[in-house]
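2 protein chains.
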Amino acid sequence: MNSFTPTDRSRVKRLHERGKYDEESVFALLDAGFIAHIAYVIDGHPYVTPTSYWRTGRVLYWHGSSASRMLRRQSPGLPVCVTVSHIDGFVLARSGFHHSLNYRSVMAFGTAQIVEDPAEKSRELDRFIDRLFPGRRASLRPNNVQELKATTLIRMEIEEAAAKTRTGGPKDDDEDYALDCWAGVIPLRQVIGQPIADPKLRGGIGYPPDLAAFHDGADLCEVLAGNAEKLD
Amino acid sequence: MNSFTPTDRSRVKRLHERGKYDEESVFALLDAGFIAHIAYVIDGHPYVTPTSYWRTGRVLYWHGSSASRMLRRQSPGLPVCVTVSHIDGFVLARSGFHHSLNYRSVMAFGTAQIVEDPAEKSRELDRFIDRLFPGRRASLRPNNVQELKATTLIRMEIEEAAAKTRTGGPKDDDEDYALDCWAGVIPLRQVIGQPIADPKLRGGIGYPPDLAAFHDGADLCEVLAGNAEKLD
């Protein structure tokens, strides 16, 4: 099993038993999401922006961001921290102190660089669509040269990454189990709603079979994880 | 209307018409969420961690984080960027280039400091429970002195903040409307699932009326926004 090697930067310190560094755990959490929060430093100050991302092997990609101008001036690249979080539930205990959250998160570290190679750029922008909406690209007007030029693509090879998860119910102090207090887990999920057709949609175009997984009530993590399996 | 005054740090540059700086817009987005991604700099390197937060006026609070050790060595405080994002839907256009996302996000900047005042600490930890689960505190065993000591509470007065949102359908190139391609919006929401009682729950304790808003299928943003109204 391939693993990332944690240093002080990525090693899970608080509740370290919740940390994992193997590719399988890290990739599964990355592939089940599509929004990362990406942190970088400009003039010594921290910034974090939410951004759609995708993964090819150990490389994460995302579209040009507010860090792009910075990146253009800094050719060796910009150190970044990319965090992806899935919040799975509130954990309600019998004291405020023992309330908690169930979650799955990944912190990945690396150096962001602008992709200059047109072939990599074109291939990866296609992959971005394919990983979200498999089969959809066949019905789209392909990217043209101006669009490829206008898009800044950023890549970051994952140098270190840690996955951290919490599951299960509350853990209370022994004497608190006697309290007259409801305790348990209130689950949370990100779900898909009823698709809304563009009012300008041409007559006769129905909801396409390649979007069938995106139906009202579907679990987003499951849909994305299923898409990732089709890619690899 | 009170507003934050943007500088280069918070001013929305890309698609600036999507940016708002008034307290009402910023606070509404903060109050409809409970997980922030908090970025800070240690030894010149960026870090971002997902954390539960709450708001009292222009101050954001959260529990001790991996930045705490750093903070203890740096008494004037640590510059941080706090980002809260709600992802509302995929926007499917007729070309890859025009695909987009509907979202509501806030970036807030300030200086993180450890709360040392026991009264503020006790009051705010209570508020954390009250803003999530109004009425619940009456049934909990109150915090004890050791727990208050063991909890690091962090405060950040918002110095600058920007809200940024996108809503609505795809905007395609004129000639692409003729394509045989489905386009529209696939909504996304964070919803509550069926509550799971702790297996160690004492007999006779039912799901309490004060958690009634947390029912299967409820929209998390709406529940949290409703809770915030009860607080103010």
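Protein chains in written order, with the working numbering: chain P, 1 to 232; chain L, 233 to 464. Built from N, CA and C at the ideal position, the CB exists for glycine as well.
| Asked | Found |
| --- | --- |
| Terminal residues of the continuous beta strand (DSSP E) containing L/R387? | L385 to R398 |
| L/L303 versus chain P: which residues are under 7 angstroms apart at the beta carbon? | Under the 7 angstroms cutoff, chain P gives no residues; its nearest Cβ is about 13 angstroms from L/L303. |
| Go ahead and pull the three-state DSSP assignment for L/C313. | strand |
| Determine the extent of the beta strand (DSSP E) in which P/G110 is found, giving its start and end residues. | S100 to I114 |
| Would the beta-carbon of P/V185 fall within 9 angstroms of that of L/D430? | yes |
| Quick check on the DSSP output: the beta strand (DSSP E) that includes P/P50 runs from which residue to which? | H45 to T56 |
| Consult DSSP for L/G449 and reduce its assignment to one of helix, strand or coil. | coil |
| Under 7 angstroms between beta-carbons, which chain P residues line up against L/E379? List them in chain order, please. | F97 |
| With a CB to CB cut of under 7 angstroms and the five nearest residues on each side skipped, what residues in its chain are close to P/K164? | V12, R18, G19 and S105 |
| Bridge partners of P/Y40, per DSSP? | P/Y47 |
| Within its chain, find whatever has a CB closer than 7 angstroms to the CB of P/S85; leave out the 5 residues flanking it on each side and keep chain order. | Y103 and S105 |
| By the 9 angstroms beta-carbon criterion, what residues does the segment 391-412 of chain L contribute toward chain P? | G401, P402, D404, D405, E407, D408, Y409, A410, L411 and D412 |
| May I have a chain-ordered list of the beta strand (DSSP E) segments no shorter than 3 residues that lie completely inside the segment 180-211 of chain P? | 184-192 |
| The beta strand (DSSP E) that contains P/V59, what's its start and end? | V59 to H63 |
| Is the distance from the Cβ of P/T152 to the Cβ of P/G64 below 9 angstroms? | yes |
| Please report the distance separating the alpha-carbon of P/L201 from that of L/H248. | 28 angstroms |
| Identify each residue in the segment 434-461 of chain L for which the Cβ-Cβ distance to at least one residue of chain P is less than 8 angstroms, and report them in chain order. | R434, I437, G438, Y439, P440, L443, F446 and L452 |
| Name the chain L residues whose beta carbon is nearer than 7 angstroms to that of P/I87? | I267 |
| Taking only the alpha-carbon atoms, compute the straight-line gap between L/F360 and L/C413 and give it to the nearest angstrom. | 47 angstroms |
| Taking a Cβ distance cut-off of 9 angstroms, strictly less, list which residues of the segment 277-288 of chain L are near chain P, in chain order. | H277, P278, Y279, V280, T281, P282 and S284 |
| Just the Cα atoms here: how many angstroms apart are P/R72 and L/L310? | 27 angstroms |
| Residues in the same chain with beta-carbon distance under 6 angstroms from L/P325, minus the five sequence neighbours each way, listed in chain order, please. | According to the sequence shown, residue 325 of chain L is Ala rather than Pro. If we look at L/A325 and ignore the five residues flanking it on each side, its Cβ neighbours are H331, P402, D404 and A415. |
| Let me check understanding here. Comparing Cα to Cα, which of P/T51, P/I38, P/Y53 and P/P50 lies closest to L/P278? | P/I38 |
| Any beta-carbon of chain P closer than 9 angstroms to the one on L/L385? | no |
| Hey, does L/V423 have any beta-carbon neighbour from chain P nearer than 9 angstroms? | yes |
| Where do the ends of the alpha helix (DSSP H) carrying P/P134 lie? | That residue, P/P134, is in no alpha helix (DSSP H); it is neither H nor E in DSSP. |
| Are three or more beta carbon pairs between the segment 251-267 of chain L and the segment 20-30 of chain P nearer than 8 angstroms? | no |
| Alpha carbon to alpha carbon, how far is P/A161 from P/F109? | 6 angstroms |
| Taking DSSP as the reference, what is the three-state secondary structure of L/V377? | helix |
| In the structure shown, what three-state DSSP assignment does L/L247 receive? | coil |
| So for L/K403, helix, strand or coil by DSSP? | coil |
| What does the alpha-carbon distance come out to for the pair L/F365 and L/N376? | 20 angstroms |
| Between P/L179 and L/R241, is the Cβ-Cβ spacing less than 9 angstroms? | no |
| What did DSSP end up calling P/F34 once you bin it into helix, strand or coil? | coil |
| Please confirm if P/K20 has its CB atom under 9 angstroms from at least one CB of chain L. | no |
| Using 9 angstroms as the threshold, is the C-beta distance between L/I390 and L/L292 below it? | yes |
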